[in-house]
Amino acid sequence: MNFIGNLLWLIFGGILGAIFWLIAGLLLCVTIIGIPFGIQCFKISSFVLWPFGREIELGNFGAGGLILNIIWVIVLGWELAVTHLVIGLFLCITVIGIPFGIQHFKFAQLGLIPFGARIY
């Protein structure tokens with residue numbers, strides 16, 4: 002079932018979402034300060050490509066991760082989180098779109114707290 006969900010996800014916007022996260026990562030890696038943020042974007046991009054059957058565990062960060070998460074939310078994270086939240090709410094209007102909306106809610110969490118998040 003996860004394979005079919007991932008296949009439908011790719012067809013209906015998963016590739017586009019992964020490309021957006023990849024472009025954000027490339028833009029952030031232009032500067033030395035943005036490299037840690039860009040690396041997180043690359044990790045999230047791979048998760049956006051195949052989200053079904055994978056879960057997120059948030060909150061495993063120390064003081065450095067907390068500082069990076071605060072900077073992330075101020076600079077770029079809140080825009081990505083709000084975007085995924087709005088898309089998820091829009092998809093949850095229909096019964097067929099509910100699984101895809103739930104995946105967008107996962108991405109909204111990652112948009113707020115990417116450092117310290119574990120994907121398994």
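Start counting at 1 in the sequence shown, then tack on 1, and there's your number in the working numbering.
Just so it is clear, CB atoms sit at the ideal spot from N, CA and C, and this is done for glycine as well.
Computed from a predicted model, the values in this text were never measured in an experiment.
The three-state secondary structure of Ile57, taken from DSSP, is strand. Where Ile5 is concerned, the enclosing alpha helix (DSSP H) starts and stops at 3-10. Collapsing the DSSP output to three states places Ile33 in coil.
One alpha carbon belongs to Ile88, the other to Ala64, and they sit about 32 Å apart. With a contact defined as Cβ atoms closer than 8 Å, Pro115 and Ile34 miss out at about 16 Å. With at least 16 other beta carbons inside 10 angstroms of its own, Leu81 counts as buried.
In this structure, Leu90 lies away from Gly98, with their beta-carbon atoms at least 8 Å apart. Put simply, the region 44-61 touches the region 18-36. At least three CB pairs are less than 8 Å apart. As DSSP reads the structure, Ile120 sits in a beta bridge with Ile57.
Judged by DSSP secondary structure, Val76 falls outside any alpha helix (DSSP H); it is assigned neither H nor E.
The three-state secondary structure of Cys42, taken from DSSP, is helix.
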